[in-house]
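First up is the structure itself, then whatever we jot down about it.
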Amino acid sequence: MIARFRERRPSPEAVAAWLTGATYVLLTLQTVTLTGRVIDDMDGPTGGPAAKPYHVVLLALGLVLLRRGRVVRWRSEMAVYFAVTGLTTIAAYLAFGARPFLANVVVAAFAATVAATLGLLAGGEGALRGLRWASAAVLAAVLVKIVCYRDMLLTFFASPDGHPMIPGFVGGGPNIEATWVAMAGLFFLRTPWCLPYVACSLLVAALYVSRVAILIALAVLVAAVAPAAVR
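For the sequence shown, position 164 matches number 212 in our numbering, and the numbering has no gaps at all.
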């Protein structure tokens, strides 16, 4: 029985792939706190300074990976990105006063390190599989939310101004949420699910009146169609 259990036990790569996808889903829930309270998007780009589920999960995963000595080394591009972001945040402090955004940069850097480590352990294809199911789950949740708040959308389109302010999973409002959904289309390139995903992300972008998300979704569409056109 023990031998049979070991045969059926998922490989470390499969576990890392699943954790990669689960981490992505948790990072999407930026407006949900540990107490279950949902922070309004107007509180800030990450839903306000409150403890959230992904904080605890990322910390636990980070400690486990650190203990095993499996933390990935940063690429130069990643180091430059967070260095520029951190310096820009400090400059904003000097100009506009203290804000909680520097802590957000630290959390983002930690999240990127944990996610990159999990992706490396899962392997290229394994990480993509995890990110694909996670992105599909997030997209499905957003579409269900749109149906639930259809009355608010109809009211908005009767007199449109900016973006429809319906509750979101991603902090920062509908524009950021639609952008996040559109960018995830890159995970589906060279798969049969790419065009259906892009079509749904375009629908979300249009309903949220997000021009940036529309442009990103169209860019993903071009990247998906162009190789086939060249052949």
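Just so you know, even glycine gets a beta-carbon here, dropped at the ideal spot from N, CA and C.
Return the residue from the list the options that minimises the CA-CA distance to residue i.
{"i": "V181", "options": "V119, V63 and V73", "result": "It should be noted that the sequence gives Trp, not Val, for residue 181. The shortest C-alpha separation from W181 is found at V73."}
{"i": "V155", "options": "A253, C248, A98 and A170", "result": "A98"}
{"i": "W122", "options": "D209, V162 and Y102", "result": "V162"}
{"i": "A247", "options": "L191, R177, G171 and R118", "result": "L191"}
{"i": "V298", "options": "G220, V195, A206 and V128", "result": "With the chain covering 49 to 279 only, the question about residue 298 has no answer from this structure."}
List the whole-angstrom C-beta distance separating residue i from residue j, where the pair is believed to meet the contact cut-off of C-beta under 8 Å.
{"i": "S183", "j": "P222", "result": "In fact, because the Cβ distance is near 18 Å, the residues do not count as touching under 8 Å."}
{"i": "L202", "j": "I214", "result": "Incorrect: roughly 11 Å between the Cβ atoms, too far for contact."}
{"i": "K100", "j": "V120", "result": "Not a contact, Cβ separation roughly 23 Å."}
{"i": "T34", "j": "L150", "result": "In this structure the chain extends from 49 to 279, so residue 34 is not present and cannot be described."}
{"i": "L82", "j": "V63", "result": "Not a contact, Cβ separation roughly 25 Å."}
{"i": "I262", "j": "A254", "result": "7 Å"}
{"i": "L106", "j": "A160", "result": "Contact flag wrong, Cβ pair sits at about 10 Å."}
{"i": "A65", "j": "R177", "result": "6 Å"}
Which residues in the same chain have their Cβ closer than 6 Å to the Cβ of residue i, if we skip the five residues on either side of it in sequence?
{"i": "V186", "result": "T76"}
{"i": "D91", "result": "At D91 the pLDDT is 44, less than 50, meaning the model places this residue with poor confidence; the figure from the coordinates comes in the next sentence. Excluding sequence neighbours, D91 sits near nothing in its chain."}
{"i": "F204", "result": "P212"}
{"i": "W228", "result": "V218"}
{"i": "A21", "result": "Because the chain in this structure spans residues 49 to 279, residue 21 falls outside the shown range and cannot be described."}
Please tell me whether residue i and residue j are closer than 8 Å, where the distance is taken between their beta carbons.
{"i": "F235", "j": "L168", "result": "no"}
{"i": "T68", "j": "A175", "result": "yes"}
{"i": "Q78", "j": "V268", "result": "no"}
{"i": "A188", "j": "L237", "result": "no"}
{"i": "A230", "j": "E61", "result": "no"}
{"i": "A226", "j": "Y256", "result": "yes"}
Which residues in the same chain as residue i place their Cβ atom closer than 8 Å to its Cβ, once the five residues preceding and following it in sequence are excluded?
{"i": "F53", "result": "At F53, the pLDDT of 46 sits below 50, so the modelled position is not reliable; the number obtained from the coordinates is stated separately. Correct list: empty, nothing qualifies."}
{"i": "P208", "result": "V257"}
Taking 8 Å as the threshold (beta carbon to beta carbon), is residue i in contact with chain C?
{"i": "L168", "result": "You won't find chain C in this structure, because it holds only one protein chain."}
Excluding the 5 residues preceding and the 5 following residue i in the sequence, name in chain order all residues of the same chain whose CB lies nearer than 7 Å to its CB.
{"i": "G216", "result": "T79, D89, P222 and E225"}
task = Let me know the alpha helix (DSSP H) ranges lying completely inside the region 143-196, each 4 residues or longer, listed in chain order.
result = 149-170 and 172-196
message = So within the region 236-262, which uninterrupted alpha helix (DSSP H) runs reach at least 4 residues, ignoring any that extend past its ends?
response = 242-255
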